[in-house]
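This report refers to the structure that appears directly beneath it.
Residue numbers (the UniProt record's numbering): 1 to 684.
What follows is the structure in structure tokens.
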């Protein structure tokens, strides 16, 4: 192809779409930012002007000013929500609208160049998966837009119920009076204030929007007492005085933005006229008879499960089909009452349909003060669902389940055992493991705050439930391995791991290094059974597939007959949580080191990063004969090709024999037969 055609192709397939994205999408966000900055300046200018009004003004004048400020605050609040929503939208859009032109350009290059044709073969599986990832990302974006908008409307209608959780008892902006020597009077400076009630610790930090939003130096003092400032003693409204315990005789006068905010601060600081307000969600006393994780709760759970397994284990759509709301509420009320609960015979009663019983059970679990798998461990459960090999995910979730409070773990055990039984009857009731994960994921797990990030994690909640159901016996009947962390640490950096012998040498050595070194643990291009171009059959299958951003991949497991096809299950994002221990379990290989060799294993100078074996020929001479026997792994190994086996230190291989590949053995591990580096094992 001519250089002119190449330049034209780059312009049409890559440059123009990216320019269009920059102008239309990024440009729109920039305009929104200008509008938001302008309204921000206008809003705070109006607040400053309002707060400078003299308290001696007529009440009608002050009321009119209050109404004007409230209208302006409402307008600014809605504009802020729209701006945040636009930022979230552009973050999601760039994941497919930015990557797709690059994929299109590379596809064109690989198609029309002769050498590119060879590269396209090796690149085909990666391209296929990238196409699926792009489409699924687009689908997830479209699928969650309505939920994000719904969340925005909830926040707009009830702002107080959606304030973010905070480590502080109270926090927000206050104006602090700074006294100056005569005759200069005093000035009012805006500060961001944070207060912890337990320690009585007060942090204040100067913060001025006009200075570009740069915070000043934090000042800390300990609260002694707080009192409301009468209006007749100061020419400003909404004021209160704070006295520091560690600064005798020093008193600070602070001004809130409104009377309501002043009452909230007084309540948090223990001042006079404190009312029952809270900066975070109000803690409302639980009425008697509400859901609790107590003896009555276990009785409800066992009664419902017993009735379902006796009467409706084969009912189609079990747990997915919901009951009539009024009947469900009536049944749940009776179950929560000690007297009526003992009289209820759900196993033999025709008054209560199975769908009513299943809905009451789910409603009880949702009504608990916190989800059964707790707010505290929610994020940690999500981490293994996002990445790692199937085995490491099971081990991590096994470990986390045993960190749950004893009552939570006991109830979860009873429920998951029942769900395992339900999935065993999936031929009749059509409730596969994947379907049960969809139903019970949001029931057993939910974040403490409803955010856009939480909406994006819904799929991973389902995957955690799937893992619990499929591995119930291991997770609940055995203790986590005490040497688990130690073994992971060892496998992450084995001492003096020997180089591996290349299974083929001198093949396609002229290929560009940058493309050739893409380590994609995929089936060989010449394999008689190439993977189909479709989405995986379950969430777990999809997550065990290679993804562009995952460096350590253990190959996709076989399709599970208990899983129905599910779109959008190819996940390519790695977790960003700061739980280093969990990430270490799931990614023993360094996340910044792409490659197939395990961390700390020097590659053979003769071996390629991703070797593809040649068929053995009669001319190949096997090495020294090894009779059929067992062998134990002395180093961990990550498979670089579908014909190889991945294993950890201590793995035992059955039926080990010599291979025609020099430096390799053949053996069986966990029912799978494949090649093993000869110098990585010790014959038994």
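No residue lacks a Cβ here, since even glycine has one placed at the ideal position from N, Cα and C.
Excluding five sequence neighbours on each side, which residues of the same chain lie with their C-beta closer than 6 Å to the C-beta of residue 202?
195, 221, 223
Leaving out five residues before and five after residue 88 in sequence, what residues of the same chain have Cβ atoms less than 8 Å from its Cβ?
148, 452
Can you tell me where the alpha helix (DSSP H) with residue 699 in it begins and where it stops?
Residue 699 lies beyond the range of the chain shown here (1 to 684); nothing can be said about it.
Through-space distance from residue 409 to residue 310, alpha-carbon basis:
24 Å
Using the Cα positions of residue 107 and residue 26, report the straight-line distance between them to the nearest angstrom.
26 Å
Given a cut-off of 7 Å, decide if residue 385 and residue 690 are closer than it, judged by their beta-carbon atoms.
Since the displayed the chain opens at 1 and closes at 684, residue 690 lies outside it and no answer follows.
Per the DSSP calculation, residue 657 is bridged to which residue(s)?
666
Integer-rounded CB distance, given that residue 404 should sit under 8 Å from residue 373
7 Å
Starting from residue 647, trace the beta strand (DSSP E) both ways and give me its first and last residue.
It is not in any beta strand (DSSP E) - residue 647 carries neither H nor E in the DSSP assignment.
For residue 701, is the classification buried or exposed, using 16 other Cβ atoms within 10 angstroms of its Cβ as the cut-off for buried?
What is shown of the chain runs 1 to 684, which leaves residue 701 out entirely.
Mapping DSSP to helix, strand and coil, what is residue 37?
helix
So, with DSSP's three-state summary, where would you put residue 17?
helix
Pick from 417, 333, 391: whose alpha carbon is nearest that of residue 646?
391
With respect to the beta strand (DSSP E) encompassing residue 379, which residues constitute its N-terminal and C-terminal limits?
Segment 378 to 386 is the alpha helix (DSSP H) holding residue 379; no beta strand (DSSP E) there.
Can you tell me which of the three DSSP states residue 673 falls into?
strand
So, under 8 Å CB-CB, residue 455 and residue 137 are touching, yes? Tell me the CB distance rounded to an integer number of Å.
Actually they are not in contact, since the Cβ atoms of residue 455 and residue 137 sit about 14 Å apart, beyond 8 Å.
Whole-angstrom Cβ separation of residue 445 and residue 371, contact assumed at under 8 Å?
6 Å
Test item: CB-CB of residue 378 and residue 480 under 7 Å:
no
Separation of residue 95 from residue 153, as counted between CA atoms
25 Å
Applying the 10 Å Cβ sphere with the 16-neighbour rule, what's the burial state of residue 179?
exposed
Work out the CA separation of residue 649 and residue 132 for me, nearest whole Å.
35 Å
Distance between beta carbons of residue 676 and residue 667, contact taken as under 8 Å
5 Å
Note down the Cα distance separating residue 680 from residue 422, rounded to an integer number of angstroms.
43 Å
Inter-residue Cα distance where the pair is residue 282 and residue 161:
Confidence in residue 282 is poor, its pLDDT being 36 and thus under 50, which makes the residue's placement unreliable; the coordinate value appears in the next sentence. For residue 282 and residue 161, the distance between alpha carbons rounds to 8 Å.
Might you give, ordered along the chain, the residues of its own chain that have their beta carbon closer than 6 Å to the beta carbon of residue 397, omitting 5 neighbours on each side?
384, 467
What is the DSSP secondary structure of residue 191, counted as helix, strand or coil?
strand
Inter-residue Cα distance where the pair is residue 53 and residue 245
32 Å
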